[in-house]
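To start, the structure itself, in structure tokens.
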Amino acid sequence: MVTTTGVRTAVSVSHVTKSFPHGGQQLIALKDVSLEVARGEFVCVVGASGCGKSTLLNILAGLDRPTAGDVRIEGRVALMFQEAALLPWLTASGNVELALELRGMNRSDRKAAAHELLARLHLQGFEKRMPHELSGGMKQRVALARALAQDADTLLMDEPFASLDAITRDLLHDELVRLWENTPLTVVFVTHNPREAVRLGDRVVVFTSRPGRVAHELHIDLPRPRHLDSPEIAVIASRITDRLKEEMRASVI
Amino acid sequence: MSSEVIAPVVVIAEGPAAAPNALRVWAWLWPKLAAIILAIAAWQIVVWSGWKPDYVLPGPLPVFQRLGQDMGHGDFYVGAATTLRRALAGYAIAVVVGSSLGVLVARIRVLREAVGAAVLGFQSMPSIAWFPLAILLFQQSEEAILFVVILGAAPAVASGLLGGVDHVQPQLIRVGRAMGARGFSLYRHVILPAALPGFVSGLKQGWAFAWRSLMAGELIVIVAHQPSLGQQLQFARDLADAQQMLALMLVIFVIGVLIDGVFGAADKAIRRRWGLLL
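Top to bottom, those sequences are chains R and A.
One point on numbering: in my numbering, the residue at position 11 of the first sequence is 1089, and numbering is uninterrupted.
One point on numbering: in my numbering, the residue at position 48 of the second sequence is 149, and numbering is uninterrupted.
Rendered as structure tokens:
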């Protein structure tokens, strides 16, 4: 089991199409998307806004259904958004405890488990804070702790750090990678930022816009730890950016 | 090394404000005292102007003396107790009816289409307009009064809850569903707590409607051997006892303000905890 070489798939998307009725006609958000994610892999999906990335994550999370095609997911999934979306009436710890409760953990074990998760994200001492008393970065840490509390096999992340300042974001990148390296977690990370994608992923999947389709994929073989400002990342990211621009021009014309 | 620099956390009024506590109470109190003094002064000036004879419009001093006298009698307390009992009973039933209605209408789409607008329509119906029907149905009885109190307050409670449920951020519902909360558990853990501020506003408004309907009811529907505040007010008018009438009006005003204050405090406490208020 431990020695699996990434052959077992955690997420399998085959020929998924999703369209929405929009003002009398059908708006195609995803068109014939196929994607395989191996167990324990860190995959980043990059695309311009409106390319259907969030729709794909909603489908993977089971919040939405594809119009056509097939989605298979092994085990449980957790979802994280751009906004922390913490429940404002619960403390930091309470938010994590709710995730534990919904997953069926005993009342007596919840508090300790929540505190441990928060400690893993360097939030010890902030357990009793209300969400509005936390900074943006801390809120996302709580949201990450809450996602981990769901004990998911796959973590789906929808531009989770997009609204944070650069330094906070970089620190959270470090921590996400550290958490991922120490667990058998599979991560599907959606972003519009090619650098972030290259910084984090084992593999980057580039999406085109309207309709969302997989344009190409690339494996990132750079060693970890990686740095956002390293020239290797910049080179690969700029290639992705060029590619995205091309696609966007094509779709606008 | 990788731990984030901990940002300063907002601390809500703890520091230097602790010592001059009396000052803070005073800062809260004086505008209210000033308003009361101004109102009484204005009243006194109108009386002094001789606009109306003082058996029609007595001044503050005789009214307060009369109030003191009335408060020395048991009748006053029996009346106040009757009124408060009716208010509480009517309001409690209205809260149960209104909340159940609100949850049902929020949950069932067909019901929402059918009665969503009607709930708001009921709210704009002046409660006094219900009395002729109430008296036909229940005669001059306590039931007639309660009927109107409930009709007055329940729609406000229901629409407060509905408004609260409507304004739950879609993102919170997504989060709840992503964590595996469905159906009832989604309601219990996400939607109802998120709707609580709206619900409390509805409760507050419902109370205001209940209190008004009750006063109207007690003036119109006279139940034998139950000297409620409204009934005493009506008798004072019938006997042209202006002093007692104004004294009773003061009592009704003060009860309304006090209970409204309790709701206001609850509303504020919840909004603060929800982070809607600093």
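Quick reminder that beta carbons are idealized off the backbone N, C-alpha and C, glycines included.
With a cut-off of 8 Å on Cβ pairs, the stretch 1120-1139 of chain R is not in contact with the stretch 1206-1221 of chain R, counting fewer than three such pairs. Beta bridge pairing from DSSP links lysine 1189(R) with no other residue. Scanning its chain for C-beta atoms nearer than 7 Å, with the 5 sequence neighbours on each side dropped, one finds around alanine 1126(R) the residues His1270, Ser1287, Leu1322 and Met1326, in chain order.
Listed along chain A, the residues sitting closer than 8 Å to methionine 1208(R) by beta-carbon distance are Arg374 and Gly376. When Gly265(A), Ala235(A) and Leu347(A) are compared, the shortest CA-CA separation from valine 322(A) is found for Ala235(A).
Arginine 372(A) and phenylalanine 300(A) have their C-alpha atoms spaced approximately 12 Å apart. Chain A has a Cβ within less than 8 Å of the Cβ of alanine 1139(R). Below the 9 Å Cβ cutoff, chain A contributes Met280 and Gly281 as neighbours of arginine 1181(R), in chain order. Residue contact with chain R for histidine 268(A): absent (no Cβ-Cβ distance below 8 Å to any residue of chain R). Closer than 8 Å to the CB of arginine 289(A) there is not a single CB belonging to chain R. Residue state for proline 1209(R) is assigned as helix, using DSSP reduced to three classes. Excluding sequence positions up to five before and after leucine 287(A), its CB lies within less than 8 Å of the CB of Ile274, Gly277 and Arg278, all in the same chain and listed in chain order. Proximity of the stretch 1268-1282 of chain R to the stretch 1305-1314 of chain R meets the contact definition, three or more beta-carbon pairs being nearer than 8 Å. Here proline 256(A) is near glycine 199(A), since their CB atoms are less than 8 Å apart.
Take the alpha-carbon of methionine 1216(R) and the one of leucine 349(A): they are about 56 Å apart.
By DSSP's assignment, glutamate 1114(R) forms a beta bridge with Ser1090(R). A distance below 8 Å separates the beta carbons of arginine 1281(R) and histidine 1297(R).
For glutamate 1274(R), there are no C-beta contacts with chain A under 9 Å, since the nearest C-beta of that chain is about 17 Å from it.
Excluding the 5 residues flanking it on each side, valine 164(A) has same chain C-beta neighbours closer than 6 Å at Gln344, Leu347 and Ala348, in chain order.
A direct Cα-to-Cα measurement between leucine 359(A) and tryptophan 308(A) gives close to 12 Å. It is roughly 10 Å from the alpha-carbon of serine 150(A) to the alpha-carbon of tryptophan 144(A).
By the neighbour-count criterion, in which 16 or more other beta carbons inside 10 Å mark a residue as buried, alanine 1107(R) falls on the buried side.
With respect to the 8 Å criterion, threonine 1232(R) and alanine 1088(R) are classified as neighbours on the basis of their beta carbons. For glutamine 1104(R), same chain residues with a beta-carbon under 8 Å away, outside a window of 5 residues either side, are Ser1097 and Phe1098 in chain order. Pairing alanine 1177(R) with leucine 1196(R) gives a Cβ-Cβ distance that is not under 8 Å. Distance from the Cα of leucine 1263(R) is smallest, within the candidate group Leu1180(R), Phe1204(R), Glu1179(R) and Leu1234(R), for Leu1234(R). Between the alpha carbons of serine 1092(R) and glycine 1290(R) lies a distance of about 14 Å. In chain order, Ala1163 make up the part of chain R whose C-beta sits under 7 Å from the C-beta of valine 276(A).
Beta-carbon to beta-carbon, glycine 281(A) and leucine 1180(R) are separated by about 5 Å, close enough to satisfy the 8 Å threshold. Within chain R, the residues placing a beta-carbon under 7 Å from that of leucine 273(A) are Ala1163 and Leu1165, ordered along the chain.
For serine 329(A), same chain residues with a beta-carbon under 6 Å away, outside a window of 5 residues either side, are Gly180, Thr183, Thr184 and Glu319 in chain order.
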